[in-house]
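Novice: Each number in our numbering corresponds to the 1-based position in the sequence shown with 859 added.
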Amino acid sequence: MNLVLLGPPGAGKGTLAARLVEEFGLVHLSTGDILREEVARGSKLGKLAEDYMDRGELVPDEVILGMVQERVDGETDGFLFDGFPRTIAQAEGLERILPVHLVVYLDLPEEEVVRRLSARRVCKQCGANYNLLTQPPGVPGKCDRCGGELYQRPDDREEVIRNRFRVYLEQSAPLVGYYEKKGLLRRVDASLSPDEIFRKVAEVLRG
Ligand SMILES: [Zn+2]
């Protein structure tokens, strides 16, 4: 089984991915992580990607697909893709590498995305992450680890979140339609608890 996870920021893709990996032994491929690793390693594709990023440009689909192909390394089963594909061209490229069996779309309304993401806080000193809703510090405004001051990243302010959410919907709509037409898309209500979300997706996976 090969699975693609889609959903806006704050929908809980990371949490779900970690549990699916644990329960089903899938290999988790996040293009964000792959890109960072390849750049850090200074591989040929990593250097190529870095050139684009340094110029503030998007890394082209062929470069991303090349990295995915290297990771997959001839295997055709047991992968969980997260943050990829982003475009129809990437989705078509992925199909040339291996078959996609299921696409899970974690559906979350804008207001809930704003509520979740605007609750994030970071420690100024050690960089530890908190969430006032799900993972609050013991003492308000102070880091549990080092006592440093907690702050809100500019990225996590409401207007920025709303903008990111709209950009996400706009960019992902064609992809969602593409997988819907193929009958591969399953929408899951991401306002449910992480346990319930996992249970729903696991049911589908177990067929
Ligand atoms: Zn700290």
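Every residue gets a Cβ at the ideal spot worked out from N, C-alpha and C, and that includes glycine.
Quick one: give me the first and last residue of the alpha helix (DSSP H) that Asp-913 is part of.
Specialist: 903 to 913
Novice: Who are Gln-994's beta bridge partners in DSSP?
Specialist: Asn-990
Novice: Between which two residues does the alpha helix (DSSP H) containing Ser-1031 stretch?
Specialist: 1017 to 1040
Novice: Between the C-alpha atoms of Val-880 and Val-886, what's the straight-line distance to the nearest angstrom?
Specialist: Counting only the Cα atoms, Val-886 lies some 6 Å from Val-880.
Novice: Assign Cys-1005 to buried or exposed, taking buried as 16 or more other Cβ atoms, counted over all protein chains shown, within 10 Å of its Cβ.
Specialist: exposed
Novice: Taking 7 Å as the cut-off, is the CB of Gly-1104 close to at least one heavy atom of ligand 1?
Specialist: This structure gives no information on residue 1104, because the portion of the chain shown stretches from 860 to 1066.
Novice: Consult DSSP for Val-922 and reduce its assignment to one of helix, strand or coil.
Specialist: helix
Novice: Where does Val-963 sit, in a helix, a strand or coil, going by DSSP?
Specialist: strand
Novice: Report yes or no: do the segment 933 to 943 and the segment 883 to 897 share at least 3 C-beta pairs separated by less than 8 Å?
Specialist: yes
Novice: Can you name, in chain order, every residue of its own chain whose Cβ lies under 8 Å from the Cβ of Ser-977, other than the five neighbours on each side?
Specialist: Gln-1011, Asp-1015, Arg-1016, Glu-1017 and Ile-1020
Novice: On a CA-only basis, which of Ala-948, Glu-954, Gln-984 and Phe-943 is nearest Tyr-964? Give me that one, please.
Specialist: Phe-943
Novice: Go ahead and label Asp-941 buried or exposed: buried means 16 or more other beta carbons lie within 10 angstroms of its beta carbon, across all protein chains shown.
Specialist: With 16 or more other Cβ atoms within 10 Å, it is buried.
Novice: Using C-beta distances below 6 Å, list every residue in its chain close to Pro-1033, excluding the 5 sequence neighbours before and after it, in chain order.
Specialist: Leaving aside the five residues that flank Pro-1033 on each side, the residues in its chain whose CB is nearer than 6 Å to its CB run, in chain order, Ile-947.
Novice: Closer than 7 Å to a non-hydrogen atom of ligand 1 - does that hold for the CB of Gln-1011?
Specialist: no
Novice: Could you check whether the Cβ of Arg-980 sits closer than 7 Å to any heavy atom belonging to ligand 1?
Specialist: no
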